[in-house]
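Peer 1:
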Amino acid sequence: MAETDILGPAVVEAVDIHHHYGEGPQRVDVLFDINMQVREGELVIVTGPSGSGKTTLLTILGTMRKPSEGKLQLLGADTTGLVGAELDALRNRIRFLFQKRNLLSSLTAIQNVIAGVSTTPLADPDWDEARARHLLGMLGLGDKAEAWPDELSGGQQQRVAIARVLIGLPDLIIADEPTSALDRVSGRIVVDQLKDLAMRAKCAVVLSTHDERIFDVASRRLHIEDGRCFEVPIHYH
Amino acid sequence: MPLGSQQLRRQRTSTLLSLAGVTASLLVIFAQLGIERAVYDSGVRIHRAVVGDLVLVPPGFKSLQLHAEVPAAMTDIVDTNPAVAGTAPFWFGIMSMTHAGMKASRQLAWYAIDVERPAIDVPGLKENLYKLREVRRILFDRDSRPYFGDLAEVAERGEEVPVLGPPNMRQLLPEMFVVGTVKIGPNVVNDGAVVMSENTMTEVFGPWWVDRPAFITIQLVPGVDRMAVRDQLNKALSGRGEVITRSEFEAREKEYWARETPVGYITDLGFVMGLMIGMVFIYYAQYQIIRFYLPEYAILKSLGYDWWFFLCMVGQIGAAIITPAYLVAFTLARLVYGVAETTIHLGMAMGLREMVVSLIASLVMTAVSSVFAIRRLWKVDPIMLFE
Ligand SMILES: Nc1ncnc2c1ncn2[C@@H]1O[C@H](COP(=O)(O)OP(=O)(O)O)[C@@H](O)[C@H]1O
Ligand SMILES: [Mg+2]
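Each protein sequence line maps, in turn, to chains P and A. With the first letter of the first sequence counted as 1, position 171 gets the number 171 in this note's numbering; the numbers rise by one all the way through. In this note's numbering, each residue's number is its place in the second sequence (first place is 1) plus 1000.
1) Could you give the distance in angstroms between the alpha-carbon of G1004 of chain A and the alpha-carbon of D1141 of chain A?
2) Could you check whether the Cβ of R39 of chain P sits closer than 9 Å to any Cβ belonging to chain A?
3) To the nearest angstrom, report how far apart M1227 of chain A and T1245 of chain A are at their CA atoms.
4) Against T59 of chain P, what residues of chain A qualify as contacts under a CB-to-CB distance less than 8 Å, listed in chain order?
5) Rounded to a whole number of angstroms, what is the C-alpha to C-alpha distance between V1115 of chain A and V1280 of chain A?
6) Quick check on the burial criterion: 16 or more other C-beta atoms within 10 angstroms. Buried or exposed for D1076 of chain A?
7) Hey, does S105 of chain P have any beta-carbon neighbour from chain A nearer than 9 Å?
8) Could you pull the start and end residues of the alpha helix (DSSP H) that L1108 of chain A belongs to?
9) Determine the closest residue to G22 of chain P out of P:P67, P:S50, P:V113 and P:G8, with distance taken between C-alpha atoms.
10) Where does the unbroken beta strand (DSSP E) through W1091 of chain A begin, and where does it stop?
11) Please state whether the Cβ-Cβ distance between P1071 of chain A and E1242 of chain A is less than 9 Å.
12) Any contact of the stretch 1116 to 1130 of chain A with the stretch 1076 to 1090 of chain A, i.e. 3+ C-beta pairs under 8 Å?
13) Just the C-alpha distance for D196 of chain P and P9 of chain P, rounded to the nearest angstrom, thanks.
14) Show which residues of chain A have a CB atom less than 7 Å away from the CB atom of D176 of chain P.
15) Beta-carbon distances below 5 Å to any heavy atom of ligand 3 define the shell here; list its residues in chain order, please.
16) Could you name each continuous beta strand (DSSP E) segment of 3 residues or more that falls completely within the stretch 77 to 144 of chain P, going from the start of the chain to the end?
17) Exposed or buried, which one is S1238 of chain A when buried takes at least 16 other CB atoms within 10 Å?
18) Taking the beta carbon of A175 of chain P as the centre, do at least 16 other beta carbons fall within 10 Å, making it buried, or is it exposed?
19) At the 9 Å Cβ level, is Q1007 of chain A part of the contact set with chain P, yes or no?
20) For L1346 of chain A and D1041 of chain A, what's the separation of their Cα atoms in angstroms?
21) Mapping the DSSP letters down to three states, classify H1047 of chain A as helix, strand or coil.
22) In the DSSP assignment, find the alpha helix (DSSP H) that holds F988 of chain A and state where it starts and stops.
23) Considering only the alpha carbon of each residue, which of A:G1034, A:V1194, A:K1254 and A:V1078 lies closest to V1044 of chain A?
24) Checking contacts by CB at 9 Å: is Q111 of chain P closer than that to chain A?
25) Shorter than 9 Å from the beta carbon of S1042 of chain A to some beta carbon of chain P?
26) Name the two residues that bound the continuous beta strand (DSSP E) containing K1379 of chain A.
27) Measure from the C-beta of G1021 of chain A to each C-beta in chain P and report whether the shortest distance is under 9 Å.
28) Quick one: which unbroken alpha helix (DSSP H) runs of 4-plus residues sit fully inside the stretch 1271 to 1306 of chain A? Chain order, please.
29) Less than 8 Å separating the Cβ of F98 of chain P from some heavy atom of ligand 2?
30) Can you look up V1339 of chain A in the DSSP assignment and give me helix, strand or coil?
31) According to DSSP, which residues form a beta bridge with S1197 of chain A?
32) Could you list the residues in the stretch 1315 to 1334 of chain A with a C-beta less than 9 Å from some C-beta on chain P, going in chain order?
33) So, does the stretch 159 to 179 of chain P touch the stretch 87 to 105 of chain P, judging by three or more C-beta pairs under 8 Å?
34) Taking 9 Å as the CB-CB cut-off, is F32 of chain P touching chain A?
35) In chain order, what are the residue ranges of uninterrupted alpha helix (DSSP H) at least 4 long that sit wholly in the stretch 1182 to 1237 of chain A?
36) Could you tell me if G1101 of chain A is buried or exposed, where buried requires 16 or more neighbouring beta carbons within 10 angstroms of its beta carbon?
Right under this line is the structure:
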């Protein structure tokens, strides 16, 4: 219980989550009895072999997919049976970082970042642009603001995507293998910056990967194998 | 966010194709509108020239071109109403005509008036009216199509130009003299016109015409209620003739061309076709972009953008296509109208009606295609972004 006091309140709380695809003879059970918590300011890494259900779990945590069974609490709200405007409001506090194709190719880097906030009708364009520039600067991309996505390297594209995630001031970031398309050095920069900025914003992060070299950024590591999930202690080098 | 227009700029081929298609479809629409105006407006030139407050026409009058006639005796019934100040008959028919400067004879309209009380007023008529008092003297419409040789020019120089009218019962061609010109303008059916007196008409076509005017105009005593008098007269005529206002007279003729001739049907069809083709081309541009950028729209959905945003975006793409297309089509249509008008003389022109109707058509095209396009976007699910 001591740990609960140090860390913030639970952002994600999954209770007995079970998920299967298809029905009848096509039925594939992917996740069994998932129980997990992610707290404010935590970066949780989800590992597991390919096809073990990491993406499935992440889409469930991000409310993109309803679990077959079980309960998911997000930011204190029970998501079971949540629809329409309430679900949209909850989703608006979650941001996603995908493996690739995160950016809109016909928008410049800074326009891509601003796209992360202009959903709100109260948006102030000048203020949004200033924040977007500031974030790009912090990510070391100050001089790339006007560049088109196809002029950026894979790592730079992921960092623009991080800026877009952060500008929306989310409470939860779901990142599905954000470094697997990158080389070692850029992958490292991407996760370090993601962790640094997310922790500053007191935001919870769930990140799936099978890249062992980045395990050390995690607060905790969950491993999925045969559809079951268990916590693995982290060894700091 | 200037997303729609930036995406369009990157999809150059489909954008240009769509632009060309929409421009062409708008040109089709402009052409239909131009033809309609030419047909309708040229069909009511005489109606607009009518002098008088009301018009006495055959019962159920539809069009002058149907050669219906109202018995001259009806004038007596009309005249008994104290609100009526006077009446004036107008005759109309078709005849063939030729003169030394023409290779073959050609048909044109003849209009006959009572010289003492002309039922119409057109430019050139008042000052030349006295010349018509002499029998077989006629005025030629200088806006006639260019099939009548140098008739107008010679007549305007003050010369009396002898012309030959249609053969009479003894197969002789009666001689008449063009002594001046008026300005009326041809319509779809008549390439030209001449104006003559009642006496000339009697002499050339026979006395039985006198009793068969095409319509009779009615002048009212100043200050009376036009509509009330119209109703009184209709009651008195009890179905043997019909009294209508000038604007009703004009409206009936237009209605006839729009509803009872192929012209209205064909132009409506052309208009609808233009509209649909335009829609298809706008939809094509929107569809190409949506299809190409589907994963990017999924990203926007994952960021919480709602259908309203997508509708604006799709509308933005549509607007970026329709605006230049409209401007180009408008400019081209004005040129085409001008070129066509020099030959057809039917009053084809870019007026407010053409501009407003084509603008509304453009908006409808964009709105409808946007609604169809948004349906496709609706199915985008951000879950596709997870590999
Ligand atoms: N939409 C789907 N329909 C059916 N089966 C699926 C679907 N998505 C994933 N699966 C299956 O579920 C299992 C887990 O997939 P996934 O969550 O993508 O694993 P990971 O991300 O760890 O590679 C795999 O066996 C995969 O074939
Ligand atoms: Mg996966």
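The C-beta atom is built at its ideal place from N, Cα and C for all residues, glycine as well.
Peer 2: Answer, in terms of the structure:
1) In the second sequence, residue 1004 of chain A corresponds to position 4, counting from 1. In the second sequence, residue 1141 of chain A corresponds to position 141, counting from 1. About 56 Å.
2) Numbered from 1 along the first sequence, position 39 holds the residue referred to as residue 39 of chain P. Cβ-Cβ to chain A under 9 Å: no for R39 of chain P.
3) To locate residue 1227 of chain A, count along the second sequence from 1; it is residue 227. To locate residue 1245 of chain A, count along the second sequence from 1; it is residue 245. Rounded to whole angstroms, M1227 of chain A to T1245 of chain A spans 8 Å at the Cα level.
4) Numbered from 1 along the first sequence, position 59 holds the residue referred to as residue 59 of chain P. Simply I1383 and F1386.
5) Reading the second sequence from its first residue, position 115 is the one you call residue 1115 of chain A. Reading the second sequence from its first residue, position 280 is the one you call residue 1280 of chain A. Cα-Cα distance, rounded: 58 Å.
6) Within the second sequence, the letter at position 76 stands for residue 1076 of chain A. So D1076 of chain A counts as exposed.
7) Position 105 of the first sequence, counted from the start, is the residue given in the question as residue 105 of chain P. S105 of chain P counts as touching chain A.
8) Within the second sequence, numbered from 1, the residue matching residue 1108 of chain A stands at position 108. Element bounds for L1108 of chain A: not the alpha helix (DSSP H) but the beta strand (DSSP E), R1106 to I1113.
9) Taking the first residue of the first sequence as position 1, residue 22 of chain P is located at position 22. If we check each option's Cα against that of G22 of chain P, P:P67 comes out closest.
10) In the second sequence, residue 1091 of chain A corresponds to position 91, counting from 1. That run of the beta strand (DSSP E) goes V1084 to H1099.
11) On the second sequence, position 71 is the one that residue 1071 of chain A refers to. On the second sequence, position 242 is the one that residue 1242 of chain A refers to. No, the Cβ-Cβ distance between P1071 of chain A and E1242 of chain A is not below 9 Å.
12) yes
13) Within the first sequence, numbered from 1, the residue matching residue 196 of chain P stands at position 196. Within the first sequence, numbered from 1, the residue matching residue 9 of chain P stands at position 9. Approximately 20 Å, taken between the alpha carbons.
14) Residue numbering aside, residue 176 of chain P sits at position 176 when the first sequence is read from its first letter. Within chain A, the residues near D176 of chain P are F1386.
15) This structure lacks ligand 3; the ligands present are ligand 1 and ligand 2.
16) 94 to 97
17) Taking the second sequence and counting its residues from 1, one reaches residue 1238 of chain A at position 238. It is exposed - the Cβ of S1238 of chain A has fewer than 16 other Cβ atoms within 10 Å.
18) As a working note, residue 175 of chain P is residue 175 in the first sequence. Buried, by the Cβ-count rule.
19) As a working mapping, residue 1007 of chain A is identified with position 7 in the second sequence. Yes, contact with chain P.
20) Along the second sequence, read from residue 1 onward, the residue named residue 1346 of chain A stands at position 346. Along the second sequence, read from residue 1 onward, the residue named residue 1041 of chain A stands at position 41. Approximately 8 Å between the Cα atoms of the pair.
21) Taking the first residue of the second sequence as 1, we reach residue 1047 of chain A at position 47. H1047 of chain A falls in the helix class under three-state DSSP.
22) In the structure as shown, chain A begins at 1001 and stops at 1387. Residue 988 of chain A is therefore absent and cannot be evaluated.
23) What you label residue 1044 of chain A is simply residue 44 of the second sequence in a count that begins at 1. Comparing Cα-Cα distances from V1044 of chain A to each of A:G1034, A:V1194, A:K1254 and A:V1078, the minimum goes to A:K1254.
24) Position 111 of the first sequence, counting from 1, holds the residue named residue 111 of chain P. Output row for Q111 of chain P: interface = yes.
25) Residue numbering aside, residue 1042 of chain A sits at position 42 when the second sequence is read from its first letter. So, not an interface residue.
26) Mapped onto the second sequence, residue 1379 of chain A falls at position 379. First-last for K1379 of chain A: undefined, no H or E at that position.
27) To locate residue 1021 of chain A, count along the second sequence from 1; it is residue 21. For G1021 of chain A, the answer is no, since every Cβ of chain P falls outside 9 Å of its Cβ.
28) 1294 to 1302
29) Against the first sequence, residue 98 of chain P aligns to sequence position 98. No - ligand 2 has no heavy atom lying nearer than 8 Å to the Cβ of F98 of chain P.
30) As a first step, residue 1339 of chain A must be located in the second sequence, where it is residue number 339. In this structure, V1339 of chain A counts as helix in the three-state DSSP scheme.
31) Numbered from its first residue, the second sequence carries residue 1197 of chain A at position 197. DSSP output for S1197 of chain A lists A:I1113 as bridge partner(s).
32) none
33) yes
34) On the first sequence, position 32 is the one that residue 32 of chain P refers to. No - not a single Cβ of chain A is within 9 Å of the one on F32 of chain P.
35) 1198 to 1205 and 1226 to 1237
36) By 1-based counting over the second sequence, the position of residue 1101 of chain A is 101. Exposed, by the Cβ-count rule.
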